[in-house]
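J.: So the sequence lines, in the order shown, correspond to chains A and B.
When you number the first sequence by my numbering, it's gap-free, plus one each residue, and the end is 1005.
When you number the second sequence by my numbering, it's gap-free, plus one each residue, and the end is 99.
Ideal Cβ placement from N, Cα and C applies to all residues, glycine included.
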Amino acid sequence: MSAPFRLAQGGRIDRARPLGFTFDGKSYSGFAGDTLASALLSHGVHLTGRSFKYHRPRGILSAGADEPNALVGVGRDQTRYTPNLRAPQVELYDGLVAESQNRWPSLSFDIGAVNDLFGRFLPAGFYYKTFMWPRKAWDHVYEPKIRAMAGLGRAPTAADADRYTQRYAHCDVLVVGAGPAGLAAALAASAGGASVMLCDDQAEFGGSLLSETTATIDGKPAAQWIADTVATLRGRANVMLLGRTQAFGYYPHNSIGLVERLTDHLATPHPDMPRERLWTLRAREVVICAGALERPMVFPENDRPGIMLAGAARTYANRYGVKAGSRAVLFTAQDEGYRAALDLARAGVHVAAIADLRPNPDGELPAAARAAGLNIMAGTTVTGTRGRLRVSGATLGRLGLDGQVGQSQTIACDLLLMSGGMTPSVHLFSQSKGKLRFDETIKAYVPGQSAERERSAGACRGIFGLAAAIEDGFARGEEVAQAVGRAGGAVTRVAVTTLAAAPGVHLGAAPHDRDAATVKAFVDYQNDVTAKDLALATREGFRSIEHIKRYTTTGMATDQGKMSNMNALGIVADALRRDIPEIGLTTFRPPYTPVTFGAFAGTSRGQLFDPVRQTAIHGWAADHGAAFEDVGLWKRAHYFPQGGEDMHAAVARECKAVRAAVGIFDASTLGKIEIVGPDAAEFMNRMYTNAWTKLESGRCRYGVMLREDGFVMDDGVVGRMAHDRFHVTTTTGGAPRVLAHMEDYLQTEWPDLDVWLTSTTEQWAVIAVQGPNARKVLEPLVEDIDISAAAMPHMSVRQGRICGVPTRLFRVSFTGELGFEVNVPADYGRAVWEAIYQAGLAHGITPYGTETMHVLRAEKGYIIVGQETDGTAVPDDVGLGWAVGKAKKDFVGKRSLARAEFSKPDRKQMVGLRTRDPHDVLEEGAQIVANPNQPVPMTVLGQVTSSYFSAVLDHSIAIAMVRGGRARIGETLYVPMPDRVIAVTVVDPVFFDREGVRLDA
Amino acid sequence: MLLIPCPHCGERPEIEFRYGGEAHVARPADPSALDDEAWAAYLYLRNNPKGLHAERWRHIHGCGRYFNVLRDTVSDKITATYKAGEPRPDLPATEAAE
Chain A
5 MSAPFRLAQG GRIDRARPLG FTFDGKSYSG FAGDTLASAL LSHGVHLTGR
55 SFKYHRPRGI LSAGADEPNA LVGVGRDQTR YTPNLRAPQV ELYDGLVAES
105 QNRWPSLSFD IGAVNDLFGR FLPAGFYYKT FMWPRKAWDH VYEPKIRAMA
155 GLGRAPTAAD ADRYTQRYAH CDVLVVGAGP AGLAAALAAS AGGASVMLCD
205 DQAEFGGSLL SETTATIDGK PAAQWIADTV ATLRGRANVM LLGRTQAFGY
255 YPHNSIGLVE RLTDHLATPH PDMPRERLWT LRAREVVICA GALERPMVFP
305 ENDRPGIMLA GAARTYANRY GVKAGSRAVL FTAQDEGYRA ALDLARAGVH
355 VAAIADLRPN PDGELPAAAR AAGLNIMAGT TVTGTRGRLR VSGATLGRLG
405 LDGQVGQSQT IACDLLLMSG GMTPSVHLFS QSKGKLRFDE TIKAYVPGQS
455 AERERSAGAC RGIFGLAAAI EDGFARGEEV AQAVGRAGGA VTRVAVTTLA
505 AAPGVHLGAA PHDRDAATVK AFVDYQNDVT AKDLALATRE GFRSIEHIKR
555 YTTTGMATDQ GKMSNMNALG IVADALRRDI PEIGLTTFRP PYTPVTFGAF
605 AGTSRGQLFD PVRQTAIHGW AADHGAAFED VGLWKRAHYF PQGGEDMHAA
655 VARECKAVRA AVGIFDASTL GKIEIVGPDA AEFMNRMYTN AWTKLESGRC
705 RYGVMLREDG FVMDDGVVGR MAHDRFHVTT TTGGAPRVLA HMEDYLQTEW
755 PDLDVWLTST TEQWAVIAVQ GPNARKVLEP LVEDIDISAA AMPHMSVRQG
805 RICGVPTRLF RVSFTGELGF EVNVPADYGR AVWEAIYQAG LAHGITPYGT
855 ETMHVLRAEK GYIIVGQETD GTAVPDDVGL GWAVGKAKKD FVGKRSLARA
905 EFSKPDRKQM VGLRTRDPHD VLEEGAQIVA NPNQPVPMTV LGQVTSSYFS
955 AVLDHSIAIA MVRGGRARIG ETLYVPMPDR VIAVTVVDPV FFDREGVRLD
1005 A
Chain B
2 MLLIPCPHCG ERPEIEFRYG GEAHVARPAD PSALDDEAWA AYLYLRNNPK
52 GLHAERWRHI HGCGRYFNVL RDTVSDKITA TYKAGEPRPD LPATEAAE
């Protein structure tokens, strides 16, 4: 397919490498070096999208990151689909598939465009005003409808098939932006050997110079100077060049986020290549050379396809060899616009008129235009445009001396260029928390006082003009080289020839003679905010730009108002008759352009999202068909189904086996901390509620740990291995928290204590052998430990060997049965487990999982911290008052326990609940009331915290926290459920072997 | 990401550390001597200054030690770090705290 708007020659595209692509299903062609925007324009395609609110036809407005209109979805299939890409930034490759967004059924015929006719009903803040009533309709009618009608692209429906990678890096100097200032800064900064990174979001370095065909630098064409400079930089080992790399965020202490696009421009990327690389960079010094963005003019109907920034049209002609139209009108307020008119005229575009808002344009560029025979209409504004899917004419009105529009005429055109002035890109500077300063001469914000080690160079700090920008780059580059102690001496300066431009000074709306209440003059294209919306907001009393922004949504689109913010400020300042700095400025936030979620996620996806912790015995459990559950990062065996059992059947069998014979359980995930030192017992005294001084070596104690506010934080059995050594266990999930809590007190409150804390969770495998036959199973395997009932009572610990390996053998029980916990070095865990299991087969040994462990402990009324407790329970609430050492002078949390609140009789206390129907298993979390007939909201007495069916008791059991619960034992309470009310009797929370005789077997 | 100079290990990125709240809040030597109000103040009342803040950080993925940092809560600028137990350096508030 021929491209009628492609120039026969010129530009940086490679005409020898044609590429095919589709847009909305239609095939087009382009060349290597094109963007999607330039290739579409070469076919005369301007219409690329529908606007957010009014569904107005929109075309390509810019040639870069500031593009608000031409947002497209790109990707062959859903696994590689990216919505909301800016067409001028999408590099063309062979086979690219792109589609427009926010239109139905098609781009040229869009039903939603009726919104445009009803625009008077959609003023600023319309959703606050129109959809107030009825309230319910907001959730079910208004919001879904508005969301369906408005909006941008759609999210892909399939998981992202690409890979993303991340890197950390350091450098002496980061230069952001490889335009004229950035190239100069990088040259100077790297001259003395400083490590320099230079990044630019485009595929090619050069920035604005890539669109430059007439200027010369150092006596050569701009393109040659770029090539030579890049070659010089590439030749320096201390310089790293990062193309296709957007510096998107400036974070504290000179930490910069960069995202590098690696494969998006390739037709057939190598399958091993990641799509993007996220760089987290720490630079000693940063030079921001972000350039400036052209401002559009704000005039009625300034949004039709074919209306474009002047600089963008110049870029399409000079860099991509594409005429953006055949017959152009330029509407400008600054000299810079003339550059486009001159270059387009040279490329064969008929420039029908130049409407210059200024009464006497007289710089070098207007003079050159005059000399070229272009029709300059000074003191002229644009009062409206014609055309539907493409601009077809512009109405130009002469401004009288009074500023009023006088005589007007309509000029036919298919391209209307706008040039309202230049806005320095201060985004990164502002993100760095530097203070902006309003420059009255250029009517723009420029960097003021810095907060970080950064400086700006060139157009991004209001230094316009090629020669000045390059000089500024050299100077700032020399400064940073000096700052990092790698000064390379003065860089040889270069001579620059180009036509000079006087800065534009127009901000806000252009004058017109239309009805201001009805015409749409767009300020923020992407969010469809017009000059009248902003005026309305000021009439309704809004004064601060922060409020006006949120009310009108100006600057809140995905482009964050790159194009619109300064014009919005101008309009608001005019309306309020105040100076721009008084209006304030909205905050610039990262990212500069949207960043793919994948880049942030990196490799943290799927199985790599979180580390998985497995015990030494995990493989055995997996081999024996265990169902696993996640407990924190751990995989724990939940239950061991046999022969098609469901969980209930398996748990019932496992529970009975433990109570009747013996069970084996992997308790390795228990947190373990070794506490050693002359002051170990004193430290334990201070950290736990219990008294430790008199605990003999070889004995264990159940310890309760509080936070300083008196609430139960953790619990676990502690064994005293020696006078100066404790083996502390914690809950599975609490281990890191408990260690950090201990370290905090040891390091910062009691540094005088001679104690050392070491996490040993991963060092010990823990095999619980529980049940009446436990001793019989272990006896033949244990060496040099007498585990007889007389020699090794409940709550004792011995050191010796088992199956030939060292062990710390605990006689403890979380089941209420005779039980041991065999600690062996983790490397031996599986071998010892297998040996015990083999030896146990003769005694009916049964492996059991965490579910059975939970049921067995609930039968005994043993709490689980975090299940019975919720961070507001003191020891007495959960029946652990006995564990608090009353005689101890102090321990963490003791003072809080003295609060009167904590001894009130109506606190929630732990009790058991018994249902009438033995097969009614209550729901954990269910609420408990005294009177189920009370109207909602009922008076809630508490909640069910643990509930199971006990196969051993053949009855359901439940533990609950109930207000004044201990005094209610014997009372009937009620658990209201959605379909019925369950009556329960309050009972003691110990359901099985209340006397504890089995423990001491 | 902050760059935090650990007094034991040198400058390290923020991800190696864990924040530990306000510094120089010493646990009373005899908590039982405090009335409820004074004890509640120790437990819960903390400064939240705009400007220079003395705070605890722990180099949890490094040396594991707690230490103190003087950080400006507006600019994030760190003006000093010092070991736990050492007094707060007497530094003037930075300009960002104005």
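Whose Cβ in chain B lies nearer than 8 Å to the Cβ of A/Tyr596?
T.: Stepping through the first sequence from its first residue, residue 596 of chain A is reached at position 592. Under the 8 Å cutoff, chain B gives no residues; its nearest Cβ is about 18 Å from A/Tyr596.
J.: Which residue comes first and which comes last in the beta strand (DSSP E) that contains A/Val991?
T.: On the first sequence, residue 991 of chain A is found 987 positions in, with the first residue counted as 1. Residues Val985 to Val991.
J.: Please report the straight-line C-alpha distance between A/Met942 and A/Pro980, rounded to a whole angstrom.
T.: Here residue 942 of chain A is taken as the residue at index 938 of the first sequence, counted from 1. Here residue 980 of chain A is taken as the residue at index 976 of the first sequence, counted from 1. For A/Met942 and A/Pro980, the distance between alpha carbons rounds to 10 Å.
J.: Along the segment 66-97 of chain B, what residues have a CB closer than 7 Å to any CB found in chain A?
T.: Answer in chain order: Arg66, Tyr67, Ser76, Asp77, Ala85 and Gly86.
J.: For chain B, check one thing: does any of its Cβ atoms lie closer than 8 Å to the Cβ of A/Phe996?
T.: In the first sequence, the residue the question calls residue 996 of chain A occupies position 992. Not one chain B Cβ lies under 8 Å of A/Phe996.
J.: Should A/Ala192 and A/Ile474 be called a contact, given that it needs their Cβ atoms to be closer than 8 Å?
T.: Taking the first sequence and counting its residues from 1, the one referred to as residue 192 of chain A is at position 188. Taking the first sequence and counting its residues from 1, the one referred to as residue 474 of chain A is at position 470. It is not a contact, given that the beta carbons lie outside the stated cut-off.
J.: Whole angstroms are fine: how far does the CA of A/Asp339 sit from the CA of A/Asp366?
T.: In the first sequence, counting from the first residue as 1, residue 366 of chain A sits at position 362. In the first sequence, counting from the first residue as 1, residue 339 of chain A sits at position 335. Whole-angstrom Cα-Cα distance: 9 Å.
J.: How would you write the range of the alpha helix (DSSP H) that A/Lys780 sits in, first residue to last?
T.: Looking up residue 780 of chain A in the first sequence gives position 776. Taken as a continuous stretch (DSSP letters only), the alpha helix (DSSP H) holding A/Lys780 covers Ala778 to Leu782.
J.: What does A/Thr752 reach in chain B if we use C-beta pairs closer than 8 Å?
T.: Taking the first residue of the first sequence as 1, we reach residue 752 of chain A at position 748. Residues of chain B passing the Cβ test: Arg57, Tyr67, Ala85 and Gly86.
J.: Determine the direct distance from the alpha carbon of A/Pro879 to that of B/Pro14, and round the result to whole angstroms.
T.: Numbered from 1 along the second sequence, position 13 holds the residue referred to as residue 14 of chain B. Numbered from 1 along the first sequence, position 875 holds the residue referred to as residue 879 of chain A. Using only the alpha carbons, I get a separation of about 40 Å.
J.: Counting only C-beta atoms, is B/Leu3 closer than 8 Å to chain A at any point?
T.: Residue numbering aside, residue 3 of chain B sits at position 2 when the second sequence is read from its first letter. Output row for B/Leu3: interface = yes.
J.: Which whole-angstrom value describes the C-beta separation of A/Arg1002 and A/Leu782, a residue pair presumed to lie in contact below a C-beta threshold of 8 Å?
T.: Walking along the first sequence from the start, residue 1002 of chain A turns up at place 998. Walking along the first sequence from the start, residue 782 of chain A turns up at place 778. In fact, because the Cβ distance is near 17 Å, the residues do not count as touching under 8 Å.
J.: Would you say B/Arg28 faces chain A, with C-beta separation under 8 Å as the test?
T.: Residue numbering aside, residue 28 of chain B sits at position 27 when the second sequence is read from its first letter. Judged by the 8 Å Cβ criterion, B/Arg28 is in contact with chain A.
J.: Contact criterion: CB-CB distance below 8 Å. Does A/Ala455 meet it with respect to chain B?
T.: One-based indexing of the first sequence puts residue 455 of chain A at position 451. Yes, contact with chain B.
J.: Measuring straight from C-alpha to C-alpha, what distance separates A/Ile621 and A/Arg802?
T.: Numbered from 1 along the first sequence, position 617 holds the residue referred to as residue 621 of chain A. Numbered from 1 along the first sequence, position 798 holds the residue referred to as residue 802 of chain A. Their backbone Cα atoms lie some 23 Å apart in a straight line.
J.: Indicate the three-state DSSP secondary structure (helix, strand or coil) for A/Arg543 in the structure shown.
T.: Position 539 of the first sequence, counted from the start, is the residue given in the question as residue 543 of chain A. In the structure shown, A/Arg543 sits in a helix (DSSP, three-state: H, G or I).
J.: Measure from the alpha carbon of A/Val948 to the alpha carbon of each residue in A/Thr86, A/Gly885, A/Tyr749 and A/Val988, then state which is nearest.
T.: Along the first sequence, one-based indexing puts residue 948 of chain A at 944. Comparing Cα positions, the closest option is A/Val988.
J.: Ignore the nearest five residues each way along the sequence and tell me which others in A/Leu845's own chain have a CB closer than 6 Å to its CB.
T.: In the first sequence, counting from the first residue as 1, residue 845 of chain A sits at position 841. None.
J.: Note down, in chain order, every chain A residue with its Cβ under 7 Å from the Cβ of B/Asp37.
T.: The residue you call residue 37 of chain B lines up with position 36 of the second sequence. Arg903, listed in chain order.
J.: For a contact defined as C-beta to C-beta under 8 Å, what are the partners of B/Pro32 on chain A?
T.: Position 31 of the second sequence, counted from the start, is the residue given in the question as residue 32 of chain B. The contacting residues are Asp894, Lys898 and Arg899.
J.: Report the residues of the segment 244-266 of chain A with a CB closer than 7 Å to any CB of chain B, ordered along the chain.
T.: Answer in chain order: Tyr255, Pro256, His257 and Ser259.
J.: Does the structure place the segment 88-96 of chain A close enough to the segment 440-450 of chain A that three or more beta carbon pairs sit under 8 Å?
T.: The segment 440-450 of chain A is not in contact with the segment 88-96 of chain A.
J.: Could you tell me the distance, in whole angstroms, from the CA atom of A/Ala163 to the CA atom of A/Arg84?
T.: Counted from its first residue, the first sequence places residue 163 of chain A at position 159. Counted from its first residue, the first sequence places residue 84 of chain A at position 80. Approximately 8 Å between the Cα atoms of the pair.
J.: In chain order, what are the residue ranges of uninterrupted alpha helix (DSSP H) at least 4 long that sit wholly in the segment 785-857 of chain A?
T.: Listed in chain order, they are 833-844.
J.: Do A/Leu11 and A/Ala351 have their beta-carbon atoms positioned less than 8 Å apart in this structure?
T.: If you number the first sequence from 1, residue 351 of chain A lands on position 347. If you number the first sequence from 1, residue 11 of chain A lands on position 7. Result yes, Cβ atoms of A/Ala351 and A/Leu11 sit closer than 8 Å.
J.: Quick one: using the 10 Å Cβ neighbour count with 16 as the cut-off for buried, is A/Gly916 buried or exposed?
T.: Locating residue 916 of chain A in the first sequence gives position 912, where the first residue counts as 1. So A/Gly916 ends up on the buried side.
J.: Of all the residues that make up the segment 662-685 of chain A, which are near chain B by a beta-carbon distance shorter than 8 Å?
T.: Cβ contacts with chain B come from no residue of the segment 662-685 of chain A.
J.: Can you tell me whether DSSP reads B/Pro32 as helix, strand or coil?
T.: Mapped onto the second sequence, residue 32 of chain B falls at position 31. Looking at B/Pro32 - three-state DSSP - the assignment turns out to be helix.
J.: Please list the partners that B/Leu44 has in chain D, where partner means a Cβ-to-Cβ separation under 8 Å.
T.: No chain D is present in this structure, whose protein chains are A and B.
J.: Return the residue from the list A/Gln206, A/Leu297, A/Thr218 and A/Gly239 that minimises the CA-CA distance to A/Glu95.
T.: On the first sequence, residue 95 of chain A is found 91 positions in, with the first residue counted as 1. It is A/Gln206.
J.: Grab me the residues of A/Arg308's own chain with a C-beta within less than 6 Å of its C-beta, minus the 5 sequence neighbours each way, in chain order.
T.: Residue 308 of chain A sits at position 304 when you count from the first residue of the first sequence. Around A/Arg308: Thr389, Gly391 and Val395.
J.: Kindly give me the distance between the Cβ atoms of A/Val3 and A/Phe468, rounded to whole angstroms, as I take these residues to be in contact under 8 Å.
T.: This structure cannot settle anything about residue 3 of chain A, because the visible part of chain A is limited to 5 through 1005.
J.: Classify A/Asp347: buried if its beta carbon has 16 or more other beta carbons within 10 angstroms, exposed otherwise.
T.: As a first step, residue 347 of chain A is located in the first sequence; it is residue number 343 there, counting from the start. Buried, since its Cβ has 16 or more Cβ neighbours within 10 Å.
J.: Between which two residues does the alpha helix (DSSP H) carrying A/Pro428 extend?
T.: Taking the first residue of the first sequence as position 1, residue 428 of chain A is located at position 424. Where A/Pro428 is concerned, there is no enclosing alpha helix (DSSP H), although the beta strand (DSSP E) it sits in stretches over Gly425 to Pro428.
J.: From the DSSP secondary-structure annotation, give me the bridge partner or partners of A/Gly77.
T.: The residue given as residue 77 of chain A occupies position 73 in the first sequence. Partner(s): A/Glu103.
J.: What does A/Glu747 reach in chain B if we use C-beta pairs closer than 8 Å?
T.: Numbered from its first residue, the first sequence carries residue 747 of chain A at position 743. Residues of chain B passing the Cβ test: Arg59, Gly65 and Tyr67.
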